[in-house]
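Since the structure comes first, as structure tokens, the remarks are kept for the end.
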Amino acid sequence: MTSKTSLTLMDPALVKPAVWAAFAKLHPAVQWRNPVMFVVYIGSIVTTLLGLQALQGTVGDSASFILSVAVWLWFTVLFANFAEALAEGRSKAQADSLKGLKKSTWAKKLKEPTHGSTWLPEQAENLRKGDVVLVEAGDMIPVDGEVIQGVATVDESAITGESAPVVRESGGDFASVTGGTRVLSDWLVVRIGVNPGESFLDRMIGMVEGAKRQKTPNEVALTILLVALTIVFLVVTVTLLPFSIFSVEAAGSGTVVSITALIALLVCLIPTTIGGLLSAVGVAGMSRMMQANVIATSGRAVEAAGDVDVLLLDKTGTITHGNRQAALFIPAPGISLNQLALCAAQASMADETPEGRSIVTLAQSKVQIEPLVGKTQEVPFTAQTRMSGMDVTRPDGSTRQLRKGAVDAVRKVLQAQGNTMPPEVLRAADEVSRRGSTPLAVVDGNQVLGIVELKDIVKAGIKERFGELRRMGIKTVMITGDNKLTAAAIAAEAGVDDFLAEATPEDKLTLIRSYQAEGRLVAMTGDGTNDAPALAQADVAVAMNSGTQAAKEAGNMVDLDSNPTKLLEIVETGKALLMTRGSLTTFSIANDVAKYFAIIPAIFVSTYPQLAALNVMRLGSPNSAILSAVVFNALIIVVLIPLALKGVKYRPVGAAALLRRNLAIYGLGGLIVPFIGIKAIDLLLVALNLV
1 MTSKTSLTLM DPALVKPAVW AAFAKLHPAV QWRNPVMFVV YIGSIVTTLL
51 GLQALQGTVG DSASFILSVA VWLWFTVLFA NFAEALAEGR SKAQADSLKG
101 LKKSTWAKKL KEPTHGSTWL PEQAENLRKG DVVLVEAGDM IPVDGEVIQG
151 VATVDESAIT GESAPVVRES GGDFASVTGG TRVLSDWLVV RIGVNPGESF
201 LDRMIGMVEG AKRQKTPNEV ALTILLVALT IVFLVVTVTL LPFSIFSVEA
251 AGSGTVVSIT ALIALLVCLI PTTIGGLLSA VGVAGMSRMM QANVIATSGR
301 AVEAAGDVDV LLLDKTGTIT HGNRQAALFI PAPGISLNQL ALCAAQASMA
351 DETPEGRSIV TLAQSKVQIE PLVGKTQEVP FTAQTRMSGM DVTRPDGSTR
401 QLRKGAVDAV RKVLQAQGNT MPPEVLRAAD EVSRRGSTPL AVVDGNQVLG
451 IVELKDIVKA GIKERFGELR RMGIKTVMIT GDNKLTAAAI AAEAGVDDFL
501 AEATPEDKLT LIRSYQAEGR LVAMTGDGTN DAPALAQADV AVAMNSGTQA
551 AKEAGNMVDL DSNPTKLLEI VETGKALLMT RGSLTTFSIA NDVAKYFAII
601 PAIFVSTYPQ LAALNVMRLG SPNSAILSAV VFNALIIVVL IPLALKGVKY
651 RPVGAAALLR RNLAIYGLGG LIVPFIGIKA IDLLLVALNL V
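For the sequence shown, counting from 1, position 582 maps to 582 in the UniProt record's numbering; every step adds exactly one.
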């Protein structure tokens, strides 16, 4: 897709604007939107003022120590701003490329229906919902709409990235057209479906611009938790000052804890890591969905994709290839497999349908195809005859009729000639039907040679994908219009958990509501107007870009590739977003433990010498301990930016296994890494004599 960007994670084209944006985000109105980082922001201002006072000799701590703490607190804020700006920059790069698709174009607008077909030029931005326009070969489709007359090929590569043109026609599920695409042949009469600013391209731009992103419910809930933790630590930190004053007076020795040390303690104890990266994770999640060629209407839809536990999938095009293919030759009694395969292939030589080509391919794997001797004439398939084949006029003037077609149609022709179809062939045809496949009878003149089984082939690897989803606790349900026998056969082969056969729009809606009544979140795909009610009801509704306008408006995601199997990738992307946020939260809370052992002994050891036993890292001095913790607290945000933007790698495991893995890697890692990092920074500060 044109909107996709090939920019790397730390591409200078993204990093440079993000650096400037990090400073621009220091405005109080911007900082206030992130309560955790706002506390760090206030702490940075206070320590800066204390440092300026120290330069004048009006406070106890050395000016160099206070200003060092202040600098690293500012870095903490800037690094958090940088992470958010970098994520927004990736989304804005996508939005900018989309804006390049918006061009001021002229359209041929129908003057008035009562005045006949009079088409007048009109600028695209002046068109309104309900207007009718004519789009001819070479013209750009001005605005989203629905084809009401005509058939044409349309180049949608600017939107989907697919170079192959698609056919758009009035009626059916392929009547929707998108503004910014170009008609390559013939003409279309389009009824405009949106007003200015409401087109699909406009919505795409708005969706991918991270700056306009609304917080999702999970993100709001996590923000509330982080704010609560921040308030708790703020109250605890504030009470430490009077406690220190009382302790020093009671002991008659020691030093009252400084404001700088308390601010450093507060900043290190509150969840600054996840607080600084939370917004970046959310923006990056929508950006990753966009890179998969899926437009989500909100972050809520992306998160819901990670929470779904029921997937409704159409059989045709999702689970199966959607076109029947020859799978088996069943010869009649007295006929060899080679005879049947050769005749079936010869009857299909001129058949360019997927079924016809598959018969030739299967036959070539069984026997060498011999050319027909004589003059040939194709007999095309018709709805009346339900057969196709080839007539061959031999050199001696005799005619050979090769046919393949529906079993009942062939039987009627044979009966009209006074012949019958062998009962063994009829039984074979019934068995093929019970397997959910389609039988085709093959005849040479009035001789029945056997049956070709046409099967809607289940996609390779789909059963394994469903197994992965099952291990994640997600139930898969196949939706099909086939009869129950056929549906059961394909469901068993594909490995889905359940199926709905002979499905109507009402049946789909009822099924979704029944799962939701059980407290489950349901995801489904659709492309037709008849899918719109179910899409509107589903928690995650992925509409195909090639589908109708009604389907796209009902869904909360649009797949630009119109690939129904994309639903599986969408679920994985949503889960990766939730896993990333959970992993970073676990790490952020766990790494506070090391900071207790660094800062608490440092600020109270002069009053309570026994606390020196808690200095397990053997840090050089109280000041170096405090500064090392602050420096680590800032740098860890930078280290985790790539993880926040790329996301934690998705793994198809259950919730319990995922929790164990999360605690082992990010929980235990969050405990161990700070001890190593703080000690290394302390050694460097002492070696350079900076404290």
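Don't be surprised by glycine CBs; every beta carbon is placed ideally from N, CA and C.
In this text, all values refer to a predicted model and were calculated from it rather than measured experimentally.
If you look at T353, you'll find it isn't in any beta strand (DSSP E); DSSP assigns it neither H nor E. Ranked by Cα distance from A341, the first of V630, R403, S514, G282 is R403.
Assignment of V571 by DSSP, reduced to helix, strand and coil, places it in the helix class. The distance from the Cβ of D498 to that of V477 is about 5 Å, consistent with a contact at the 8 Å cut-off.
Straight-line spacing of the CA atoms in L110 and G145 works out to 14 Å. Three or more Cβ pairs drawn from the segment 272-286 and the segment 32-45 lie within less than 8 Å of each other, which places the two stretches in contact.
If you ignore the 5 residues before and after R386, its C-beta comes within less than 6 Å of the C-beta of G405, A406, A409, all in its own chain and listed in chain order. When Cβ pairs closer than 8 Å are counted between the two stretches, the segment 232-252 is seen to touch the segment 592-607, the count reaching three or more. For V147, there is no enclosing alpha helix (DSSP H); the enclosing beta strand (DSSP E) covers residues 145-149. F466 and E219 have their C-alpha atoms some 29 Å from each other.
In summary, I451 is buried, with 16 or more beta-carbon neighbours lying within 10 Å of its beta-carbon over all protein chains present. Going by beta carbons, P422 and V443 fall outside the 8 Å limit. The straight-line gap separating the alpha-carbon atoms of K129 and V143 is approximately 9 Å.
With 16 or more neighbouring CB atoms inside 10 Å of its own CB, L313 falls in the buried class. As the crow flies, the alpha-carbon of A594 is around 6 Å from that of F675. Annotated as proximal: L578 and G306, with beta-carbon spacing under 8 Å. Closest option to A327, judged by alpha-carbon separation, among D539, V69, T361: T361. Restricting attention to alpha helix (DSSP H) runs no shorter than 4 residues, the segment 573-647 encloses them at 592-604, 622-646, ordered along the chain.
Counting the other Cβ atoms within 10 Å of the Cβ of Y608 gives fewer than 16, which makes it exposed. For the set I319, D131, V256, the Cα lying nearest the Cα of K463 is the one of I319. Scanning the segment 273-339 for uninterrupted alpha helix (DSSP H) segments of 4 residues or longer gives 299-307, listed from N- to C-terminal end.
Around the beta carbon of L688, a 10 Å sphere encloses fewer than 16 other beta carbons of the protein chains shown; the residue is thus reported as exposed.
The Cβ neighbour count for L535, taken over all protein chains shown within 10 Å, is at least 16; the residue is labelled buried. Taking V189 as reference, the option from A634, K108, G461, D396 with the minimal CA-CA separation is K108. Just so you know, the alpha carbons of F233 and L226 end up roughly 11 Å apart. Its chain contains A292 as the residues whose beta carbon lies nearer than 7 Å to that of E569, once the 5 sequence neighbours on both sides are disregarded; these appear in chain order.
With distances taken between CA atoms, H321 lies nearest to G461 out of V236, G461, R300, E156. W32: not part of any alpha helix (DSSP H); DSSP gives it neither H nor E.
In this structure, the alpha-carbon of M544 lies about 7 Å from that of P564. Nearest Cα to I224 within the set W187, P271, Y666: P271.
Restricting attention to I672, C268, V40, R427, the CA atom closest to the CA of A625 is found in C268.
For D309, the closest C-alpha among the options R520, V373, F329, L414 is that of R520. DSSP places V379 outside any alpha helix (DSSP H); the residue lies instead in the beta strand (DSSP E), whose first and last residues are 375-379. Beta-bridge annotation (DSSP): E122 is paired with A107. Look at the segment 464-535 and you find these whole runs of alpha helix (DSSP H), each 4 residues long or longer: 484-494, 505-517.
Excluding residues up to 5 positions away in sequence, T76, F79, A80, A83, T272, T273, G276, L277 lie with their Cβ nearer than 8 Å to the Cβ of I637 in the same chain.
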